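**Student:**
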């Protein structure tokens, strides 16, 4: 993680955006306070880095996906069933399930299981190998190539991911 960062210094840039801002609305999502965003990124940065090392998906891409899908952990899917990616139930899913907002989503014992299962879920898609080969470590290419893939109900996913990554400087975690 980025050590020595001040998470509350007003009007100074931090690793995750501007600390002095009260809230930030990403695209058409809910307002998310800077404190909530910073807490979310601080909590999950090391998990995203671990997943990057194991699956080859940039940490910034995973963090932005979780951030958007869970509204920085504030969405019922994250709060009630630890599903930070709103990963849907599939025919082969054998774990617990829950209905959130009239959608069947996977239920997890912990947040970590959500991250690991999402990495497995994405890496098992037929298109994953081609994206990994084309994009490599380039988070911007990942955003463009993931746009339109059935991994999120967030519209215009690629540009929203890029906005989150740029604004909060999540690309620093990919080094």
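In the numbering used here, the protein residues as written are 206 to 380. Glycine is no exception: its CB is placed at the ideal position from the N, C-alpha and C atoms. Here the structure is a predicted model, which is why all the values come from computation and not from measurement.
Evaluate residue 325 with the Cβ neighbour count: other Cβ atoms within 10 Å of its Cβ, from every protein chain shown; 16 or more gives buried, anything less gives exposed.
**Tutor:** By the 10 Å Cβ count, residue 325 comes out exposed.
**Student:** Here's the rule I'm using: 16 or more other beta-carbon atoms within 10 Å means buried, otherwise exposed. How should residue 273 be labelled?
**Tutor:** Result: buried.
**Student:** For residue 330 and residue 349, what's the separation of their Cα atoms in angstroms?
**Tutor:** One C-alpha to the other measures close to 17 angstroms.
**Student:** With a cut-off of 8 angstroms, do at least 3 Cβ pairs link the stretch 266-284 to the stretch 347-364?
**Tutor:** Enough Cβ pairs lie closer than 8 angstroms, so yes.
**Student:** Taking just the CA atoms, how far does residue 289 sit from residue 278?
**Tutor:** The alpha-carbon atoms of residue 278 and residue 289 are separated by roughly 7 angstroms.
**Student:** For residue 243 and residue 375, I'd like the C-alpha separation in whole angstroms.
**Tutor:** The straight-line gap from Cα to Cα measures roughly 11 angstroms.
**Student:** State the Cα-Cα distance for the pair residue 240 and residue 267, rounded to the nearest angstrom.
**Tutor:** Spanning the two alpha carbons is a distance of roughly 20 angstroms.
**Student:** Measuring alpha carbon to alpha carbon, tell me which residue in 248, 238, 236 and 237 is nearest residue 316.
**Tutor:** Nearest option by C-alpha distance: 248.
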